[in-house]
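First the structure, in the form of structure tokens, and then the observations on it.
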Amino acid sequence: MSPPRTTAEHPSPTLNENSLILGEVRGQMRELVHTLNTLSAKLDGLTREVVGLGPLTSDIADLKARIAALEAASNRSEGARTLGVMLIKSPVLGWLFGVAATAWALMTGRIHP
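Here it is, written out as structure tokens:
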């Protein structure tokens, strides 16, 4: 069997130890106050930046409208170019042009059959 435990009370801290503990707590409190002040300054700066970004919402909407208009104009232009290129590369168009040129030359007397 083990001997019964006795609860030994810690002796109360001395005045010098209390002063050390109090100084330590004061130092930690100062660090906390400085940290909070620094965070507050950072948040103030961020708040100013966020408030300054407010007008960007309307600018973004305007830019989106302009982009949509430019894309529509580009698509129309690209469609017209595609139709023109398709006609120029078409062999049927070449044959028709050749027949028309020959008929014109025959009718004006430029060539004789």
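Numbering of the sequence shown is given in my numbering, commencing with residue 1068 and proceeding in unit increments.
Idealized CB from N, CA, C, for every residue including glycine.
Bear in mind the structure is a predicted one, so any value in this text is a computation, not a measurement.
Check                                                             : Outcome
Test item: CB-CB of Leu1154 and Leu1160 under 8 angstroms         : yes
Short Cβ contact (8 angstroms threshold) for Ile1178 with Ala1172 : yes
Lys1156 versus Arg1143 - alpha carbon distance                    : 20 angstroms
Gly1033 - DSSP class collapsed to helix/strand/coil               : Past the edges of the chain, shown from 1068 to 1180, lies residue 1033, and the structure says nothing about it.
Where Arg1133 sits in the DSSP three-state scheme                 : helix
Rounded separation between Met1174 and Arg1148 - CA only          : 34 angstroms
Coil, strand or helix - Arg1148 by DSSP                           : helix
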